[in-house]
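The structure appears below as structure tokens.
There are 2 protein chains.
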Amino acid sequence: MAIDPRRLLILNEVVEAGSITAGARRLGWTQPAVTSHIQALEQSLGVPLLLRHASGVTPTEAGLALLNHAKAVAAHLDAAAAETAELKTLQRGSVRLAAFPSALATLVPAALANLRQVEGIGLEIRLNEAEPAAAVDALAQNEADIAVVFQHEGDLSAPELAPGFVHWPLMREDVLLLLPQTRVRQAAGPLNLADFADENWIFGRSRCHDHLVDLCHRAGFSPRIKHETDDYVVVQALVAQGLAISALPQSALAAHRHPQVAVRPLAELTGHAITAVCRPGADSVPSVRAVLDVLRAACRGRGRQGPAQQPPATRQPALT
Amino acid sequence: MAIDPRRLLILNEVVEAGSITAGARRLGWTQPAVTSHIQALEQSLGVPLLLRHASGVTPTEAGLALLNHAKAVAAHLDAAAAETAELKTLQRGSVRLAAFPSALATLVPAALANLRQVEGIGLEIRLNEAEPAAAVDALAQNEADIAVVFQHEGDLSAPELAPGFVHWPLMREDVLLLLPQTRVRQAAGPLNLADFADENWIFGRSRCHDHLVDLCHRAGFSPRIKHETDDYVVVQALVAQGLAISALPQSALAAHRHPQVAVRPLAELTGHAITAVCRPGADSVPSVRAVLDVLRAACRGRGRQGPAQQPPATRQPALT
DNA sequence: GAAGGGCATAAGATCAGATTATGGCAATCG
DNA sequence: CGATTGCCATAATCTGATCTTATGCCCTTC
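Protein sequences appear in the order of chains A and B. Take the first sequence: its letters are residues 1 to 320, numbered as in my numbering. Take the second sequence: its letters are residues 1 to 320, numbered as in my numbering.
Below, the structure written as structure tokens:
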């Protein structure tokens, strides 16, 4: 049988107190309880640890050997408690966050700035750029703690983005049509997607691609895809030069706005739901929770939001 | 509440095993038992330690922090067990032995030589010269583990030498009268103490002094004490020169024998009982016990001996 | 969609471990 | 000295921690 570490700590108290009785007082116990622990320890090791005399107790050589380890163990327990307390109070901790580029350029910095302003917070945030699918992958592989993703609204036929994860809705944003400034007059009045069936288009590379193609098909045409890129700076540069048209979400335009590009709402262009996603249970990790909270706070008023979606029947027990 | 160290170790097993179920198997327990331990730990710290998913469990940041300490604690427990095992098997350990000079010159070295010959014994023995009273003092003050002492036999009126200590009778030795070689013829035939009433005497400084005085008084004279020393080499040198006569125990004569000194038995000179003394309970400390055993073995046949005297109602529990 | 693996929960059962009560020894004090 | 006090060991209970048994739910896999 291995040594019971609690008995090691009891031994330590006893020796420091100088007697079993005094040690028991320290521990808030009675003397026979401590006596039996010491005896059990001696039994299991087969060596006397204490010499008993009328004025108390003195450790044998074996007892002294155990004492050293007992003190070390006690120190580790204290340190462990202190560290977790720091993690709990956010004095320490690190959170790995994966977000899509335009969020990383707008929403995330704004949120983290708020976090920094709180006194006594020592969180270390590691950011990672990743399109939604990759970000969720990173979550699944424990390479990220929070994924900030978007999902096309009304895209009910598509499989849910991150089944089995916890979703924190942050905000919604519109997707806007981009036209060269030179064509703004021409594009006055309410517009439809079908009006642009004959244009050259710039499409994204990820799910935006398929989604936009789908929307065009529903509008009755097959878009002429001239360029493909996810980079919203590139997109705007190309549009500004009149090489093609495209659509971008608000966050991308907030991050970078080319003066020669005009934006127009389009009825068929469904918006984005921006969501923070984490592994089930991770939202009750203090550091992760703090980042989630600050993300949500940063989005307040910027779009509809809801409470954290119920995690899909998590197996994580509540911490009350 | 402080962290329960056992739960720290359980956490370690679980994380290493990769799942609570596998951890439980390792520990020989059922899964719900381990689950509840983990939950209790999380409750007491207020922080999730594990994220549960379908394929097992991964530690949170707090869990990882605890893991480091858990491993350290486990290492200390192992080391503590190993050290006490070494102490138990005498691969390690130190014993402090206080003995009177002539024992230190004869009996003790012989005994320790036997100890050294046993393979795999790594005991460190620290010797200290001390007359019986001082040796027992050293015992009482935890400055020695074993005291090798002598006591005048038949000295029933004297207070017991070391009340409250454990006595291991080792051997008995005679005390012999010392005469200058030049007077041997003159001292032929059976002798009595009274025959030397008019001599110059060399007496010891410690209890030997009072004892010998007492014996002389019983023999009907008051000895003329010319010199006082406990040093048996000095005593013999003085006797050899015919400056005085004295008496010494066998062990002193075994340690050093001056050729110009003759020894004669004397009926009234009571012998010494040589005893090893230790604190109650110390005789079940392996290292101390080993030295006691080897001391007794070295005395086998050299004088009457008995089993260890029952310790005077020790408060030390038996280790079976 | 059936099976398997993993976790949480509830309800018993049991054993460790704490308390109360008592006795004996040693040291201290009137 | 005898009484008192402090210390430890032991025995006998008793309670509460904790381990098990028995389920249910979820996810993943075939």
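Backbone N, C-alpha and C define an ideal beta-carbon position, used for all residues, glycine too.
{"Check": "B:LEU96: first and last residue of the uninterrupted beta strand (DSSP E) it sits in", "Outcome": "Checking the displayed sequence, the identity of residue 96 of chain B turns out to be Arg instead of Leu. Residues 94-99."}
{"Check": "Near-chain A residues of the segment 69-80 of chain B (beta-carbon distance less than 7 angstroms), N- to C-terminal order", "Outcome": "HIS69, ALA72, VAL73, HIS76, LEU77, ALA79 and ALA80"}
{"Check": "Whether A:PHE150 touches A:ALA103 by CB criterion (9 angstroms)", "Outcome": "yes"}
{"Check": "Spatial distance of B:ALA110 from B:ASN142 (CA atoms)", "Outcome": "25 angstroms"}
{"Check": "Whether B:PRO5 touches A:ARG6 by CB criterion (9 angstroms)", "Outcome": "yes"}
{"Check": "Nearest to B:VAL175 (by Cα), restricted to the options B:ASN68, B:ALA267, B:ALA85 and B:ILE225", "Outcome": "B:ALA267"}
{"Check": "Three-state class that DSSP yields for A:GLY63 in the structure shown", "Outcome": "helix"}
{"Check": "Whole-angstrom distance between A:ASP231 and A:LEU107, CA atom to CA atom", "Outcome": "17 angstroms"}
{"Check": "Rounded C-alpha distance that separates B:ALA273 from B:SER251", "Outcome": "12 angstroms"}
{"Check": "Residue burial classification, A:VAL57 (beta-carbon count within 10 angstroms, cutoff 16)", "Outcome": "buried"}
{"Check": "Neighbourhood of B:ALA219 by C-beta distance below 8 angstroms, restricted to the same chain and skipping five residues each side", "Outcome": "ASN192, LEU193, ALA194, ALA197 and GLU268"}
{"Check": "C-alpha gap between A:LEU238 and A:TRP168, whole angstroms", "Outcome": "35 angstroms"}
{"Check": "Min CB distance B:ASP4 to chain A below 9 angstroms", "Outcome": "yes"}
{"Check": "Sequence-distant residues of its chain with Cβ nearer than 7 angstroms to A:SER246 (five each side left out)", "Outcome": "LEU178, TRP201, ILE202, VAL235 and VAL239"}
{"Check": "Pairwise C-alpha distance: A:LEU87 and B:SER55", "Outcome": "26 angstroms"}
{"Check": "Three CB pairs or more closer than 8 angstroms across the segment 18-25 of chain A and the segment 131-142 of chain B", "Outcome": "no"}
{"Check": "Residues, ordered as in the chain, of the segment 270-290 of chain B that lie near chain A by beta-carbon distance below 9 angstroms", "Outcome": "ARG279, PRO280, GLY281, ALA282, SER284, VAL285, PRO286, SER287 and VAL288"}
{"Check": "Listed by chain order, chain A residues near B:ARG296 by CB distance under 8 angstroms", "Outcome": "None at all; the shortest Cβ gap to chain A is about 20 angstroms."}
{"Check": "Sub-9 angstroms separation of B:ALA147 and B:CYS299 beta-carbons", "Outcome": "no"}
{"Check": "First and last residue of the uninterrupted beta strand (DSSP E) at A:SER36", "Outcome": "Counting along the chain, A:SER36 falls outside any beta strand (DSSP E), though it belongs to the alpha helix (DSSP H) covering 31-45."}
{"Check": "Buried or exposed by the 16-neighbour rule on C-beta atoms within 10 Å, applied to A:ASP78", "Outcome": "exposed"}
{"Check": "Beta-carbon separation (whole angstroms), A:SER94 vs B:PRO48, contact threshold 8 angstroms", "Outcome": "So it is not a contact: roughly 15 angstroms between Cβ atoms."}
{"Check": "Any C-beta of chain A under 9 angstroms from that of B:THR21", "Outcome": "no"}
{"Check": "As assigned by DSSP and simplified to three states, the class of B:ASN128", "Outcome": "strand"}
{"Check": "Distance, A:MET1 Cα to A:PRO101 Cα", "Outcome": "56 angstroms"}
{"Check": "Validate contact between the segment 61-78 of chain A and the segment 6-19 of chain A using beta carbons, cut 8 angstroms, 3 pairs", "Outcome": "yes"}
{"Check": "For A:ALA72 and B:HIS76, the rounded distance between their alpha carbons", "Outcome": "8 angstroms"}
{"Check": "Beta-carbon separation (whole angstroms), A:ALA244 vs A:HIS227, contact threshold 8 angstroms", "Outcome": "6 angstroms"}
{"Check": "Minimum Cβ-Cβ distance from B:THR30 to chain A less than 9 angstroms", "Outcome": "no"}
{"Check": "Integer Cβ distance of A:LEU126 from A:ARG96, believed to fall under 8 angstroms", "Outcome": "Going by the sequence as given, residue 126 of chain A is Arg instead of Leu. At roughly 5 angstroms, the Cβ-Cβ gap stays under 8 angstroms, so A:ARG126 and A:ARG96 are in contact."}
{"Check": "Cβ-Cβ separation, A:GLN181 to A:VAL261 (assumed contact under 8 angstroms), whole Å", "Outcome": "6 angstroms"}
{"Check": "Cβ pair B:LEU215, B:THR270 closer than 9 angstroms", "Outcome": "yes"}
{"Check": "Own chain, CB closer than 6 angstroms to A:SER19, minus 5 neighbours either side, in chain order", "Outcome": "GLY56 and VAL57"}
{"Check": "B:ARG264 to B:LEU115 span [Cα, whole Å]", "Outcome": "34 angstroms"}
{"Check": "Interface flag, A:LYS226 vs chain B, CB-CB below 9 angstroms", "Outcome": "no"}
{"Check": "Beta-carbon proximity check, A:HIS53 vs B:PRO280, cutoff 9 angstroms", "Outcome": "yes"}
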